[in-house]
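Asks: In our numbering, the protein residues as written are 212 to 860.
Backbone N, C-alpha and C define an ideal beta-carbon position, used for all residues, glycine too.
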Ligand code: WTA
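1. Can you check which of these residues, 264, 288 and 237, is closest to residue 257 by C-alpha distance?
2. Taking the alpha carbon of residue 562 as the point to measure from, which residue in 337, 676, 590 and 737 has its own alpha carbon closest?
3. What does a CB cutoff of less than 7 Å around residue 829 pick up in its chain, not counting 5 residues either side in sequence?
4. Would you kindly check if the distance between the Cβ of residue 650 and the Cβ of residue 517 is under 8 Å?
5. When you compare the stretch 692-711 with the stretch 640-650, are there three or more beta-carbon pairs, one atom per stretch, that lie closer than 8 Å?
6. At a cut-off of 7 Å, is residue 799 close to the ligand WTA when judged by its beta-carbon and the heavy atoms of the ligand?
7. With DSSP as the reference, label residue 618 as helix, strand or coil.
8. Using only alpha-carbon positions, find the residue among 435, 338 and 366 that is nearest to residue 395.
9. What is the DSSP secondary structure of residue 410, reduced to helix, strand or coil?
10. With distances taken from CA atoms, which of 584, 732, 579 and 544 is nearest residue 595?
11. Could you check which residue in 634, 270, 544 and 325 has the C-alpha nearest to that of residue 216?
12. Is residue 738 helix, strand or coil when you go by DSSP?
13. Which residue marks the beginning of the alpha helix (DSSP H) containing residue 387, and which one marks its end?
14. Quick one: Cα of residue 637 to Cα of residue 803, how far?
15. Taking only the alpha-carbon atoms, compute the straight-line gap between residue 641 and residue 722 and give it to the nearest angstrom.
16. Excluding the five sequence neighbours on either side, which residues of its own chain have a C-beta within less than 8 Å of the C-beta of residue 446, listed in chain order?
17. Find out if the Cβ-Cβ distance for the pair residue 504, residue 463 is shorter than 8 Å.
18. Excluding five sequence neighbours on each side, which residues of the same chain lie with their C-beta closer than 7 Å to the C-beta of residue 500?
19. How long is the line joining the alpha carbons of residue 329 and residue 371, rounded to whole angstroms?
20. If residue 185 and residue 599 are in contact, beta carbons under 8 Å, what's the gap, nearest whole angstrom?
21. Closest to residue 312 by C-alpha separation, out of 286, 716 and 553, would be which residue?
22. Considering only heavy atoms of the ligand WTA, does any lie closer than 7 Å to the CB of residue 518?
23. Suppose the cutoff is 8 Å on Cβ atoms and the five residues either side in sequence are ignored; what does the same chain contact list for residue 378 look like?
24. For residue 723, verify whether its CB is less than 7 Å away from any heavy atom of the ligand WTA.
25. Residue 424 to residue 362, Cα distance in whole Å?
26. Quick check: does the Cβ of residue 711 come within less than 7 Å of any heavy atom belonging to the ligand WTA?
27. Is residue 702 a contact residue of the ligand WTA, with contact defined as CB to any heavy atom under 7 Å?
28. Name, in chain order, the residues that DSSP records as bridge partners for residue 711.
29. Between which two residues does the alpha helix (DSSP H) containing residue 861 stretch?
30. Return the CA-CA distance between residue 221 and residue 609, expressed in angstroms with no decimal places.
31. Residue range of the alpha helix (DSSP H) that residue 528 falls in?
32. Can you list, in chain order, the residues of its chain whose CB lies under 7 Å from that of residue 519, leaving out five sequence neighbours each side?
33. Classify residue 438 as helix, strand or coil using the three-state DSSP reduction.
34. In the DSSP output, what is residue 721 paired with across the bridge?
35. Could you tell me the distance, in whole angstroms, from the CA atom of residue 657 to the CA atom of residue 669?
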């Protein structure tokens, strides 16, 4: 906690899109007259048929339905490309910075983007993809990833991006989950000087494919790859067969734009569905206002397009605004811990958006890596993905921003499409670690966790929910609307339940305190403990597993696993290693356990429910206050777990 706050300079506020007065005025308008407010701001995108209806929403359990601008039609790709051609056809749309600093960067103009996207869209069509079909994108951070997204949008296909760090199994589950017709991938993907064999992973994922899923391959490295007996195509060969003319498909505002799988507290990841009109309004408006983006600025979001942050703030938001957006193939520490700052200097970046985990990792390497570079073009710094600790915030502010760049700590989720709470850089005094204020149209409330009653007084702490809808809200879970209702609208009736806890301080500003469910946040990546558990128990030697998060200096949270072995199996360091590798191959490197404790028994209630509260406390090395353990079927297991705990820090 920190009481210090940092107001924007008078200069910054005077030139910002939104200053304090304007924020208050616009926020009030957005809450008192949402229909009027969004009728106006819905016009920031180009409609083929203008909407006449603005909002049609029900959060009632059993009847949850969310529609925005429902009788309007548009094309998202045309909004991100075509409408800019006349005024900024020769302006750079995408700057691509490759993994190797010595390799040339690319500057892709809006006109070139148009041609590349139209041609790729025609390739998709030739391969039988049409309106409403699903395309899985499993690509590294190369321009083709953006072309593929926009090509889908252009022809009305629905993309589902799978982060290139996911394993063949995880990829296969997502291809099947959305019943994709086509997967687009690359031969191999360089990242941080190492390579991932993406095409091989696709081959494995499709090994038992009975649906004849086609695979389109981008030649990124020219490395040797294996082809399936049929259904595989080189992108460059297919591009030779098509022309650059592809009229954008007219889509309804509520037609799905993409599905993105994300982890929840139970079961396997769910496909979050975002639609076209409301999502684009939200992504573009938050991009412009939260970062105070101005014409001509160079914007860099360091996320991967495999996560929602990349969707909204590398591709859709910036391009809808006619911005220049930077796409980086590499990692912050390759070839050394100065890479981010070298890229900022090289491309004269004005707004820089990253995750606390990256800041913490770089902070540990010393200030000399930052000080070597000229960062004088930076105007706004952003952070996202997990709570930022004041120490990291202060380093970001002092060392990177030299005290001149407002920091926007943006709280949002895959489900929300774009920013929900953030200080606006020209309007609010920032506080280290606070998400501060709701964006326009967002009504955050703090609920008492058990009663679900709204707490109006502050300072206070409780469960974070959102009253009423906003245009960027997810519409459903792909193929499972019931799960959508159950996950987000059943615990607290009449609200969207975010899964996070929060604090509202004495000034009424919001601080996100972290997940209140069984989702952990590892290096800013969401991970369902249930997913890791099911990967562990799939191993022949594992009888039972329980997974919790624990505080980790760099990652924010680490993955702590309690594992009960099958009778007769001996615990060993070898087996620990084997299980780590096992989980990596089952899910992906981001799910690799940090600590594995052998647990002869797990603390369970008499009805057999694992008491995770106790496991969390032990993993946090905070077992002094375990609370009541008398309801346990066998209280003695707790002593064993404490004695053999892995985290003594
Ligand atoms: C967490 C990422 C604190 C939160 C855009 C949320 C944050 C989850 C912040 C969503 C922030 C995101 N401060 N916590 N500024 N931003 N989170 O779906 O727990 O990958 O529920 O979306 O990340 O993660 P997701």
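Replies: In short:
1. Residue mapping note: residue 257 aligns to position 46 of the chain shown, counting from 1. Out of 264, 288 and 237, 288 has the C-alpha closest to the C-alpha of residue 257.
2. Counting from 1 along the chain shown, the entry for residue 562 is found at position 351. Residue 562 has its Cα closest to that of 590, out of 337, 676, 590 and 737.
3. Residue mapping note: residue 829 aligns to position 618 of the chain shown, counting from 1. The residues are 852, 853 and 856.
4. One-based indexing of the chain shown puts residue 517 at position 306. One-based indexing of the chain shown puts residue 650 at position 439. No, the Cβ-Cβ distance between residue 517 and residue 650 is not below 8 Å.
5. no
6. Numbered from its first residue, the chain shown carries residue 799 at position 588. For the ligand WTA, not one heavy atom lies less than 7 Å from the Cβ of residue 799.
7. Here residue 618 corresponds to residue number 407 of the chain shown, with the count starting at 1. In the three-state reduction of the DSSP assignment, residue 618 falls in the strand class.
8. Here the question's residue 395 lines up with position 184 in the chain shown. Of 435, 338 and 366, the residue nearest in Cα terms is 338.
9. Position 199 of the chain shown, counted from the first residue, corresponds to residue 410. The answer is helix: DSSP assigns residue 410 an H, G or I state.
10. Locating residue 595 in the chain shown gives position 384, counting from the first residue. Restricting attention to 584, 732, 579 and 544, the CA atom closest to the CA of residue 595 is found in 732.
11. For the purposes of this step, residue 216 is identified with residue 5 of the chain shown, where counting begins at 1. Nearest option by C-alpha distance: 634.
12. Taking the chain shown and counting its residues from 1, the one referred to as residue 738 is at position 527. Strand, per DSSP.
13. By one-based count along the chain shown, residue 387 stands at place 176. That run of the alpha helix (DSSP H) goes 379-388.
14. As a first step, residue 637 is located in the chain shown; it is residue number 426 there, counting from the start. As a first step, residue 803 is located in the chain shown; it is residue number 592 there, counting from the start. Between residue 637 and residue 803, the C-alpha separation is close to 41 Å.
15. Translated into positions along the chain shown, residue 641 becomes position 430. Translated into positions along the chain shown, residue 722 becomes position 511. C-alpha separation (whole angstroms): 11 Å.
16. For this step, residue 446 is matched to residue 235 along the chain shown. Only 331, 334, 355, 395, 427, 428, 429 and 430 meet the Cβ criterion.
17. As a working mapping, residue 504 is identified with position 293 in the chain shown. As a working mapping, residue 463 is identified with position 252 in the chain shown. No, they are not a contact pair.
18. One-based indexing of the chain shown puts residue 500 at position 289. Contacts found: 228, 229 and 635.
19. What you label residue 329 is simply residue 118 of the chain shown in a count that begins at 1. What you label residue 371 is simply residue 160 of the chain shown in a count that begins at 1. Cα to Cα, residue 329 sits roughly 19 Å from residue 371.
20. The requested residue 185 does not occur in the structure, where the chain is confined to residues 212 to 860.
21. Counting from 1 along the chain shown, the entry for residue 312 is found at position 101. Of the listed residues, the one whose Cα sits closest to residue 312 is 553.
22. In the chain shown, counting from the first residue as 1, residue 518 sits at position 307. Yes, the beta carbon of residue 518 sits closer than 7 Å to at least one heavy atom of the ligand WTA.
23. Taking the first residue of the chain shown as position 1, residue 378 is located at position 167. Correct list, in chain order: 412, 795, 796, 797, 798 and 799.
24. If you number the chain shown from 1, residue 723 lands on position 512. Under cutoff, so the answer is yes.
25. By 1-based counting over the chain shown, the position of residue 424 is 213. By 1-based counting over the chain shown, the position of residue 362 is 151. Between residue 424 and residue 362, the C-alpha separation is close to 18 Å.
26. Counting from 1 along the chain shown, the entry for residue 711 is found at position 500. Flag set: Cβ of residue 711 near the ligand WTA.
27. Residue numbering aside, residue 702 sits at position 491 when the chain shown is read from its first letter. No; taking the cut-off as 7 Å, the Cβ of residue 702 has no heavy atom of the ligand WTA nearer than that.
28. Locating residue 711 in the chain shown gives position 500, where the first residue counts as 1. Bridge partners of residue 711: 726.
29. The shown model of the chain, from 212 to 860, leaves out residue 861, and the question about it has no answer.
30. By one-based count along the chain shown, residue 221 stands at place 10. By one-based count along the chain shown, residue 609 stands at place 398. If I take the Cα positions, the gap works out to 19 Å.
31. As a first step, residue 528 must be located in the chain shown, where it is residue number 317. It spans 528-531 - the alpha helix (DSSP H) in which residue 528 sits, taken as one unbroken run.
32. Numbered from 1 along the chain shown, position 308 holds the residue referred to as residue 519. These residues qualify, in order along the chain: 471 and 625.
33. Residue 438 sits at position 227 when you count from the first residue of the chain shown. In this structure, residue 438 counts as coil in the three-state DSSP scheme.
34. If you number the chain shown from 1, residue 721 lands on position 510. DSSP output for residue 721 lists 647 and 715 as bridge partner(s).
35. Numbered from 1 along the chain shown, position 446 holds the residue referred to as residue 657. Numbered from 1 along the chain shown, position 458 holds the residue referred to as residue 669. Roughly 10 Å separates the two Cα atoms.
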